[in-house]
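Take a look at the structure set out below.
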Amino acid sequence: MQLDDHAEELASDLGVDKEEVHADLENLVSYSVPVDEAKQSLRRKYGDGGSGGDDATPSAVDVGEITTGDGNVTVTGVVLTAGTRSIRYQGDDIVIREGEIADATGRIDYTAWDEFGLEPGDTVTVGNAGVREWEGAPELNLGEGTTVTLADESVDADYRAGGDRDLIDLEAGDRGRNVEVRVLEVEERTIDGRDGETEIFDGVVADGTARLPLTDWDPHSEVREGDSVRLEDVYVREFRGVPGVNVTAFSTVTPLDRDVDVSEGAPRMSVGEALDTGGIYDVAATGSVVAVRDGSGLIERCPECGRVVQNDQCRTHGPVDGEDDLRVKAVVDDGTGTVTAVLDRELTEDVYGG
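Going letter by letter, the sequence shown gives residues 1008 to 1361 in my numbering.
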C-alpha cells in the first residue's frame, strides 16, 4: 500500500481533506515513524480514537520471525537492555527508551515512545508493537497503542541481560550499556548543537581490552583525565569508523575507588580479525606493504584546519597559503586482509630514513 493510498483511506474514514492528511502522514513517515503508528497518531489528532482496520490485536510471533514487512506484532521476550536518551522530533525534545528484547529465536532492537517501565531481566509480553526498518533490520516501536505486561512464564533466551560490557565488546547501535573505564584524555569543546552553541567533553577512555573515543553531551564534572569511573546508560555511535562511547544527561557517572587496569599496548590482531570487528580504535597488526596509494609523498595542508590543500584551495577555507607536510598511504596485506595505513611525517621519515 502506497502512502497516497493510506492517506486516502484515512481521509475517507475521518471525513477530512486528503491533501492535509497526506502532508501530515508524509511528515511523520519522514521522521521514521512506522506507517501504522503514524496513522494511529493522525486518527487521534483528527478526533477518531479508533484505528480503523488496525483494531485487531496482532497474533503472537517469535522474535526470529519478525521482518521489516510486518505491520504490528505481539511478542514475548526478555528485556536485555534499557537505555534512555532525548531526541528532537518535530521541533520538540522527546525522551525515549531503547534497547533489546530477546527470546530463544533471536533478539531485536526496540524504541519505546512512552514509559513502559522496562528493566533488564524482565520477561514481558509486548502487544501491538509497530515494526519499522532501521539500518536494514526490523525494530520494534512501542507507542500509545502498545501494551506491555509481565509474562507469567520465563523465556529461554541465550543472551546476556544487563548493560555491563568491556569496551572491546561495544558495537555501534548499542544502547543502555555500562562500562568501567579510565579517562585517558578529555577536553572541553564548543560545538554548534541543535540549540546553538553547546559545550561538550571529547576524549578517550580505556579498560583492559580496548581504547575508544568518548563524547559527553552533558559534561559531567566526574569525567576528569586520569580518573577511573563507571559510566551507566551510555549509547554507542560510530565515530570515524569505530564505536564511540556517548554519555548523556540520562547517564550516571560514578567515580571508582580503584584504578581501572589499562592495557599498555594495542591489542594485536590479524588484519582480517581487525576488519571483522567492524571498526577498532587501537590495534597492532603486522603485514607487507604491497602498494602505495595516490596522495602519498609531499603534500600541503591548510594552516587553519589541517585539511590537504589542492591547487592552493582548501575545501573549507578557500584560497590559502598551504603548509608543507609529508605522508604515505600504504596498502598493507598480511594474507588475511588488506588495510590502508596512513603514515604521518614522523612515521614516514622513520620508514624511509629521512
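We put the beta carbon where it would ideally sit given N, CA and C, even for glycine. Every value quoted in this text rests on a predicted model; they were computed, and no experiment measured them.
Just checking my contact of residue i with residue j at CB under 8 Å: how many whole Å lie between their CB atoms?
i     : j     : result
V1138 : V1267 : Incorrect: roughly 40 Å between the Cβ atoms, too far for contact.
V1290 : V1335 : Their Cβ separation, rounded to whole angstroms, is 19 Å, which puts V1290 and V1335 out of contact at 8 Å.
P1065 : T1081 : 5 Å
R1196 : Y1242 : Actually they are not in contact, since the Cβ atoms of R1196 and Y1242 sit about 19 Å apart, beyond 8 Å.
I1103 : R1092 : 7 Å
D1116 : E1146 : 5 Å
G1098 : G1128 : The Cβ separation is near 36 Å, so there is no contact.
V1232 : V1193 : With the sequence shown as reference, residue 1232 is identified as Glu, and Val is not the correct amino acid for it. Indeed they touch by this definition, with Cβ atoms about 5 Å apart.
Nearest to residue i by alpha carbon, out of the options?
i     : options                       : result
G1279 : T1347, G1215, L1305 and V1260 : T1347
I1191 : T1222, I1108 and T1343        : Reading off the sequence shown, one finds Leu at residue 1191, where the question assumed Ile. Residue T1222 is the option with its Cα nearest to L1191.
T1284 : V1023, V1297, L1177 and A1089 : L1177
S1270 : F1257, V1252, G1329 and A1213 : A1213
R1184 : E1229, Y1096 and R1172        : R1172
T1216 : D1165, R1244 and R1275        : R1275
T1130 : G1113, G1124, G1106 and A1158 : A1158
T1363 : L1017, V1297 and V1068        : Because the chain is modelled from 1008 through 1361, residue 1363 falls outside the range shown and cannot be assessed.
T1355 : V1193, I1094, L1282 and I1306 : I1306
S1303 : D1331, R1244 and L1087        : D1331
D1011 : E1072, T1205 and A1030        : A1030
T1156 : R1167, K1025, A1136 and A1144 : A1136
D1341 : D1328, F1208, R1322 and G1294 : G1294
E1126 : P1220, G1143 and G1106        : G1106
L1238 : E1245, F1257 and V1040        : F1257
V1042 : F1208, Q1009 and S1019        : Q1009
D1225 : V1254, S1161 and R1247        : V1254
R1095 : S1161, I1175, T1088 and W1120 : W1120
Reducing DSSP to helix, strand and coil, say where residue i ends up.
i     : result
Q1009 : coil
G1279 : helix
T1355 : helix
G1134 : strand
A1256 : coil
S1295 : strand
S1093 : strand
V1040 : coil
L1032 : helix
E1146 : strand
L1263 : coil
L1125 : coil
S1019 : helix
V1211 : strand
E1072 : helix
A1273 : coil
E1026 : helix
A1111 : coil
A1337 : strand
A1217 : coil
Can you tell me whether residue i is buried or exposed, with buried defined as 16 or more other CB within 10 angstroms of its CB?
i     : result
T1085 : For clarity, residue 1085 is Val in the given sequence; the question names Thr instead. By the 10 Å Cβ count, V1085 comes out buried.
H1324 : exposed
G1251 : buried
D1163 : exposed
A1045 : buried
So within the segment 1157-1207, which uninterrupted alpha helix (DSSP H) runs reach at least 4 residues, ignoring any that extend past its ends?
none
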